[in-house]
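Just add 295 to the spot in the sequence shown (first one is 1) and you have the working numbering. Using N, Cα and C, we set each Cβ at its ideal position, and we do this for glycine too. Quick caveat, the model's predicted, so the values are computed rather than measured. Worksheet: one structure, shown below.
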Amino acid sequence: MNKDIATPVRTRAILEKYGFSFKKSLGQNFLIDTNILKKIVNFADLTENSGAIEIGPGIGALTEQLARSSKKVIAFEIDQRLLPILQDTLSPYENVRVIHKDVLEADVRIVMEEEFQGIHDIMVVANLPYYVTTPIIMKLLEDRLPIRGIVCMLQKEVADRISAKPGTKEYGSLSIAVQYYTEAETVMIVPKTVFVPQPNVDSAVIRLIKREKPAVVVKDEAFFFQVTKASFAQRRKTLLNNLTSQLPDGKQKKEEILAALSTSGIDPVRRGETLFLEEFGRLADELYSYFH
296 MNKDIATPVR
306 TRAILEKYGF
316 SFKKSLGQNF
326 LIDTNILKKI
336 VNFADLTENS
346 GAIEIGPGIG
356 ALTEQLARSS
366 KKVIAFEIDQ
376 RLLPILQDTL
386 SPYENVRVIH
396 KDVLEADVRI
406 VMEEEFQGIH
416 DIMVVANLPY
426 YVTTPIIMKL
436 LEDRLPIRGI
446 VCMLQKEVAD
456 RISAKPGTKE
466 YGSLSIAVQY
476 YTEAETVMIV
486 PKTVFVPQPN
496 VDSAVIRLIK
506 REKPAVVVKD
516 EAFFFQVTKA
526 SFAQRRKTLL
536 NNLTSQLPDG
546 KQKKEEILAA
556 LSTSGIDPVR
566 RGETLFLEEF
576 GRLADELYSY
586 FH
């Protein structure tokens, strides 16, 4: 049995061996608690027939656990300095491929087709770099990749916003964007003490399981997201105020916006955070004809 990478002693030894220094700009915080890594992997429900995609493997602590629990792991790493370290730490695992690429610029679908032939159950499992968490999650969902879902560690505050329910102060356009595609839940809170270097914020693990079809069926997806974004532009403002000030020609179309709210059965003085996904869907469809 190989010794776990994710212990304080082993992590320090690896960093010293390679003279590795952390880059703040890349949001590098490495986990040094094997139990937490094992829990993260458990939340992904992998089998020996699963594929796993990791983003930002660091020195391979989570990658190693994924390699032991799945058929194949693909890890995207942006930092050239980590490649020789990963080659060393992951040498016992033949089912891992590290790709030196920024996942935001990669064609993940093509990589999946090439690397996961014959594998039909694929999960993204990652300790995401905190400064690009949202763009990465949105890219994975908007590209409609053939994945079952995503289990990732991120800032607790962002996890709270993603899994938020209507009527809470965390609920906003990010909650709607992610919950449109997935069922979202925060499954674990992670203290900052289990990282080197310690981040300034608490972390959480979130599990997003892809819906078979989006939560609501809308006439135009881009316009639906435009309406939800506009509805939260200024949280204290009413829906009517936000929509008239944020939608193109909204001020000229105030009467049409009022009509759409009325037809959707939504009181114009409500605020964005009180609306459920279905209500936003109805409202966007009513507004669509007035704005296109």
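For this session: Just the C-alpha distance for Phe-588 and Thr-533, rounded to the nearest angstrom, thanks.
Result: Limits of the chain in this structure are 296 at one end and 587 at the other, which puts residue 588 out of reach.
Problem set entry | Gly-346 versus Lys-549: straight-line alpha-carbon distance, rounded | Near 50 Å, if we compare the C-alpha coordinates of Lys-549 and Gly-346.
Exercise. Mind pulling the alpha helix (DSSP H) runs of 4 or more residues that sit fully within the region 438-470?
Worked result: Scanning the region 438-470 from its first residue to its last, the whole alpha helix (DSSP H) runs of 4-plus residues come out as 451-457.
Exercise. What are the boundary residues of the beta strand (DSSP E) that includes Phe-520?
Worked result: Element bounds for Phe-520: not the beta strand (DSSP E) but the alpha helix (DSSP H), 516-526.
Problem set entry | Distance, Gln-323 Cα to Arg-624 Cα | Nothing about residue 624 can be read from this structure; the chain reaches only from 296 to 587.
Problem set entry | Cβ contact check for the region 427-443 and the region 542-558: 3 or more pairs under 8 Å | no
For this session: For Ala-454, collect the residues of the same chain with a Cβ closer than 6 Å to its Cβ; drop the 5 residues on either side in sequence, then sort them by chain order.
Result: Thr-481, Ala-499, Ile-501
Problem set entry | Beta-carbon proximity list for Asp-580, same chain, < 7 Å, skipping 5 on both sides | Val-513, Lys-514
Exercise. Can you tell me where the beta strand (DSSP E) with Ile-300 in it begins and where it stops?
Worked result: From DSSP, Ile-300 is part of no beta strand (DSSP E); its letter is neither H nor E.
Exercise. Using the C-alpha atoms, what's the distance from Leu-582 back to Ala-555?
Worked result: About 6 Å.
Exercise. Looking only at C-alpha atoms, which of Ala-528, Lys-367, Val-427 sits nearest to Glu-408?
Worked result: Lys-367
Exercise. Can you tell me where the beta strand (DSSP E) with Phe-411 in it begins and where it stops?
Worked result: Going by DSSP, Phe-411 is part of no beta strand (DSSP E) at all; its letter is neither H nor E.
Problem set entry | Cutoff 8 Å; reference Leu-378; Cβ partners in own chain excluding five residues on either side | Once the five neighbours on either side are set aside, the close Cβ partners of Leu-378 are Glu-372, Val-393, His-395.
For this session: Could you tell me how far apart the beta carbons of Tyr-388 and Ala-370 are, in whole angstroms, since I believe they sit closer than 8 Å?
Result: Incorrect: roughly 11 Å between the Cβ atoms, too far for contact.
Problem set entry | C-beta atoms of Asn-450 and Thr-477 nearer than 8 Å | Asn is not the amino acid found at residue 450; the sequence shown has Gln there. No, Cβ-Cβ distance for Gln-450 and Thr-477 is not below 8 Å.
Exercise. For Val-406 versus Ala-339, is the C-beta spacing smaller than 8 Å?
Worked result: No.
Problem set entry | DSSP state of Ala-339 mapped onto helix, strand, coil | If DSSP states are grouped into helix, strand and coil, Ala-339 belongs with coil.
For this session: Enumerate, from N- to C-terminal direction, the unbroken beta strand (DSSP E) stretches of 3 or more residues contained entirely within the region 356-436.
Result: 367-372, 391-395, 416-422
Exercise. Start and end of the alpha helix (DSSP H) containing Glu-573?
Worked result: Element bounds for Glu-573: 572-586.
Problem set entry | Residue interval of the alpha helix (DSSP H) (run including Lys-549) | 549-559
Exercise. DSSP on Ser-345, reduced to helix/strand/coil?
Worked result: strand
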